[in-house]
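Peer 1:
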Amino acid sequence: MQTIFKRPEALAVQPTHYCPGCTHGIAHRLIAEAIDELGLRERTVGIAPVGCSVLAFNYFNFDFQQASHGRAPAVATGIKRGRPDLVVFTYQGDGDLASIGMAEIIHAANRGEKFTVVFINNAIYGMTGGQMAPTTMPGQVTSTSPFGRKTDDVGFPIRMCELLSSLRTPAFIERVSLSSPKHIIRARKAILKAFRYQSEGRGFSFVECLSTCPTNWGVTPLKALEWLEEHMMPYYPVQNFKDFEPATPEGGKDAD
Amino acid sequence: MQTEAVFAGFGGQGVMLAGMVLAETGMNLGREVVWLPSYGPEMRGGTANCTVIIADEPIASPIVLHPRDIVAMNRPSLEKFCGLMRPGGYVVVNKSLIAVDPDRDDVRVVNVEANRIAIEAGSAKSANMVILGAYVGATGVVPYEALVETAQTVLKKKPKLIPVNLKCLEQGFELGKQARAD
Amino acid sequence: MAKVLMKGNEAIAESGIRAGGLCYFCYPITPQSEVAEYLSRRMPEVGGAFLQGESEVAVSNMLYGAAGAGVRCWTTSSSPGISLMMEALSYIAAAELPCVIVNIVRAGPGLGGILPSQGDYRQAVKGGGHGDYRCLVYAPSSVQEAVDLMPLAFDRADRYRNPVLIIGDGMIGQMMEPVEFREQEFPSLPEKNWATDGCKGRKPNVVNSLYLNPVEEEQLNRKLGEKYARMERDEVMFEEFNTGKPYRALFVAYGTTARICKTAIKKLAEEGIDVALLRPITLFPFPSERLNELAEPAEFLLSVEMSMGQMLEDIRLATCCRKPVHFYGRQGGLVPSPEEVADEVKRLLGSAKGDR
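Residue numbers (this note's numbering), protein chains in the order written: chain A, 310 to 565; chain B, 226 to 407; chain C, -8 to 347.
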């Protein structure tokens, strides 16, 4: 009998605590598949953030560190500088990465730290109960923007891929969406490439995953996927921003 | 036996280095030494000073409120530290830049035109070596030969500068020795 | 090996490398930037890792990461920078990670000044970050002692799986003294089988400080508490000065101020007044037991600090206030002179007479 679908070895046999319809599970699986495909499991260290995925270390079958809020890129830097032979990735939400951890992500990206970042952007704080995030959409109602996000008061949502793309050093930056099978296939490719680049020592790789939070958005999982595609994707274009694969043997640092 | 000297001047006059050469000489002779800088904004072009302690026993306090000796490269330094010296100590005064005399009669004064001597020797920057030589000549705190040896080691990365600095050291030393005899 | 004349900061840097601290993260701050400058040149020579981070917040989390991966790592900073590291320090203590943090203390609070101070005693000894934790804290009083304490700090960090702080005032960092780098022998350390360095041939390791189950959190607290109790039993270090003969008063002072007290003791002896000194080398654990014994014959104790009196509280606790404990200090970056310390002893002895 031929196995055509199985649980990746890099994923732990463990039910998650995530809400029904949450896209964290998809992102976890894509990471595990990439690590398995590249044969990296036994030298991978993941960094869990503060946020809904704070317990991510329970769901993967390899070494993990749990970082303080926003500092995952600094923790990853420490591991990678001390042990360059390890494969390191951070798994961060929008509050963690784009708010409290803005300094750490920008500087790690700019130094070209050779680790991978999987950035889960669902436009809201999940774990703390649905407060406004730096990526919350204009007009979006959250528990701390009860009248909708007012851009004349708190500005427009931050586009992290675009922001980081202004830096010269990063090797790979791509935004993907977890909203449909078509997009998930594309997301899988991007995450695989990010890890491959890391294992080849190319430099900083960053994948932003547009995600849903049905619970805090207050909609059904299906409606959440629709809302993502209708409201988030026009503002957060799904595309590659940086890819230094072709003909740049030195990690593309001098490509532009 | 413990001697303390404050080397003081403008930033850039080389007082820190002069003190360091003295401290290193003491260490090479197997004595206990401390070199303590004043640090901070005054490092950036203002007044600079360091305290050098040379002793036969382990040095307790690195802080000396009333040092035995003062080496003053400029007038503000003389005015700042002269009043703090212990009676009977030596005050070495750079007469090239300090027109006034120390206002104390219970200390031994050694006048040296450090800048003029250094310029005549061929290196205006070596006034610090003139005054260090004078200090050692006057006090005998370390033997001259040991001082020369240390200065050569400290300057070994800039061999071209060794002859002129040794010349300055020697001229200062002779003046200091004379002052002591007087 | 011949002695070399070195600035405290550079001597600490070199000693850290010799102790195997080959992974160093830093952010510039006066008066300790010479450590970073020295190591930026020296680390490449020994194949170590040097990185200037974007902030002390980041640097301290880099320590968390590297230490968690089993790498011997360290940083140096000064008071305001150390404050920024407090969050990570709490995490590091909770996750039981070994690392060494050197604080060349400057005057505070706030941005304060850049001159020497001992105002961070409480932050170092009582915690500083949130939660129930402790650091092993060493306080050198000479450049040589700072050099000697570095290998010990790394060893103890690994042995206890705990952050170790070395507290020196600006004087220790900026002063030059002759130093000798001596080989130190330590018993072999247990393997770091908890480190996240790849799960080949074993179950995954997790470096974590999150315990949502209160029973598990309590277990961690108690485990840490036992560890700190072991430190209190086994790691106390101190120096006594002039305690071999009768004395009327006892100084308690650490770091630079202890040296000032020694000179004051000599000055007072010339006037026929015998005073002794207890110098804690470990601030946590505090040498309470010995202090209690030495307090017995003294008329009073005098804590001399470059602060408003922080160690003072521990002296009173240790002696249960059986003897009067007085305080003399200078603040703001000013350093007490031996003369003023000696005068304070005489004043206190005089007023004690008046009381009778």
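Beta carbons are placed, not taken as given, at the ideal position from N, Cα and C, and that holds for glycine.
Computed from a prediction, not measured in an experiment: that's the story for all the values here.
Using 10 angstroms around the beta-carbon of S486 (chain A), count the other beta-carbons present and answer buried if the total reaches 16, otherwise exposed.
Peer 2: buried
Peer 1: Run through DSSP, which three-state label would Y129 (chain C) get?
Peer 2: strand
Peer 1: So what's V266 (chain C) in DSSP terms, helix, strand or just coil?
Peer 2: strand
Peer 1: Below 7 Å CB to CB, which residues in the same chain sit around I313 (chain A) once its five sequence neighbours on both sides are set aside?
Peer 2: none
Peer 1: Are the beta-carbon atoms of L293 (chain C) and A286 (chain C) separated by less than 7 Å?
Peer 2: no
Peer 1: Restricting to Cα atoms, I'd like to know which of C:A49, C:Q23, C:P169, C:C90 is closest to I105 (chain C).
Peer 2: The candidate whose alpha carbon is nearest that of I105 (chain C) is C:Q23.
Peer 1: When you compare only the Cα positions, how much space is there between Y327 (chain A) and G464 (chain A)?
Peer 2: G464 (chain A) has its alpha-carbon roughly 30 Å from the corresponding atom of Y327 (chain A).
Peer 1: Which word fits H121 (chain C), buried or exposed, when buried means at least 16 other C-beta atoms lie within 10 angstroms of its C-beta?
Peer 2: exposed
Peer 1: Touching or not, the segment 382 to 401 of chain A and the segment 55 to 74 of chain C, by the rule of three or more beta carbon pairs under 8 Å?
Peer 2: Segments in contact, yes.
Peer 1: Under a CB-based cut-off of 7 Å, is D346 (chain C) close to chain A?
Peer 2: Any reading at D346 (chain C) is ruled out, since the residue's pLDDT is 45, under 50, leaving its predicted position unreliable.
Peer 1: Identify the residues that DSSP records as bridge partners of Q227 (chain B): which are they?
Peer 2: DSSP output for Q227 (chain B) lists B:A280 as bridge partner(s).
Peer 1: Between L347 (chain A) and K498 (chain A), what straight-line distance do the alpha-carbon atoms span, to the nearest angstrom?
Peer 2: The alpha-carbon atoms of L347 (chain A) and K498 (chain A) are separated by roughly 12 Å.
Peer 1: Please state the DSSP three-state secondary structure of L274 (chain C).
Peer 2: strand
Peer 1: When the Cα atoms are used, what is the spatial distance from D432 (chain C) to A255 (chain C)?
Peer 2: With chain C covering only -8 through 347, there is no way to say anything about residue 432 (chain C).
Peer 1: Would you kindly check if the distance between the Cβ of I295 (chain B) and the Cβ of V316 (chain B) is under 7 Å?
Peer 2: yes
Peer 1: Buried or exposed: which applies to E207 (chain C), given that a residue is buried once 16 or more other Cβ atoms fall within 10 Å of its Cβ?
Peer 2: exposed
Peer 1: For the segment 248 to 263 of chain B, list every residue whose C-beta sits within 7 Å of some C-beta in chain C, in sequence order.
Peer 2: A248, E249, M252, V258, V259, W260, L261, P262
Peer 1: Whose CA, out of B:R256, B:E249, B:E229, B:A233, lies closest to the CA of V379 (chain B)?
Peer 2: B:E249
Peer 1: Compute the Euclidean distance between the alpha carbons of M268 (chain B) and T276 (chain B), then round it to the nearest angstrom.
Peer 2: In this predicted model, M268 (chain B) has a pLDDT of only 46, less than 50, meaning its place in the structure is not dependable enough to derive any value.
Peer 1: Whole angstroms is fine: what's the gap from K459 (chain A)'s alpha carbon to L534 (chain A)'s?
Peer 2: 23 Å
Peer 1: Per DSSP, which one or two residues make a beta bridge with C275 (chain B)?
Peer 2: B:F232, B:P262
Peer 1: Rounded to whole angstroms, how far is the Cβ of P131 (chain C) from the Cβ of I157 (chain C), which I believe are closer than 8 Å?
Peer 2: With a Cβ gap of about 7 Å, P131 (chain C) and I157 (chain C) count as contacting.
Peer 1: Quick one: complete alpha helix (DSSP H) runs, 4+ long, within the segment 141 to 203 of chain C?
Peer 2: 161 to 165
Peer 1: Please determine if the segment 296 to 306 of chain B and the segment 390 to 397 of chain B are in contact, where contact requires at least 3 C-beta pairs separated by less than 8 Å.
Peer 2: no
Peer 1: Report the CB separation of S6 (chain C) from V198 (chain C) in whole angstroms; it is logged as a contact under 8 Å.
Peer 2: Incorrect: roughly 27 Å between the Cβ atoms, too far for contact.
Peer 1: Measure the Cβ-Cβ separation of L42 (chain C) and A4 (chain C) and say whether it is below 7 Å.
Peer 2: no
Peer 1: Where do the N-terminal and C-terminal ends of the alpha helix (DSSP H) with H326 (chain A) fall, by residue?
Peer 2: From DSSP, H326 (chain A) is part of no alpha helix (DSSP H); its letter is neither H nor E.
Peer 1: Between D111 (chain C) and S46 (chain C), which are expected to be in contact by the criterion C-beta below 8 Å, what is the C-beta distance as a whole number of angstroms?
Peer 2: In fact, because the Cβ distance is near 19 Å, the residues do not count as touching under 8 Å.
Peer 1: Give the residues of chain C in contact with D462 (chain A), contact being defined as C-beta atoms less than 9 Å apart.
Peer 2: Against chain C, a Cβ distance below 9 Å from D462 (chain A) picks out nothing, because the smallest value is about 28 Å.
Peer 1: Measuring CB to CB, does P521 (chain A) end up less than 7 Å from N419 (chain A)?
Peer 2: The question names Pro, yet the displayed sequence has Thr at residue 521 (chain A). No, the pair does not count as a contact, with Cβ atoms beyond the cut-off.
Peer 1: With DSSP as the reference, please indicate the residues paired to R213 (chain C) in a beta bridge.
Peer 2: None; R213 (chain C) has no bridge partner.
Peer 1: Applying the criterion that 16 or more other CB atoms from any shown protein chain within 10 Å of the CB defines a buried residue, is M226 (chain B) buried or exposed?
Peer 2: exposed
Peer 1: With a cut-off of 8 Å on the beta carbons, I'd call L13 (chain C) and R63 (chain C) a contact; round off their distance for me.
Peer 2: 7 Å
Peer 1: Distance, Cα to Cα, E374 (chain B) vs A60 (chain C)?
Peer 2: 49 Å
Peer 1: Less than 7 Å between CB atoms is the rule here; does L(-4) (chain C) satisfy it with respect to chain B?
Peer 2: Judged by the 7 Å Cβ criterion, L(-4) (chain C) is in contact with chain B.
Peer 1: Report buried or exposed for A352 (chain B), applying the criterion of at least 16 other Cβ atoms within 10 angstroms of its Cβ.
Peer 2: buried
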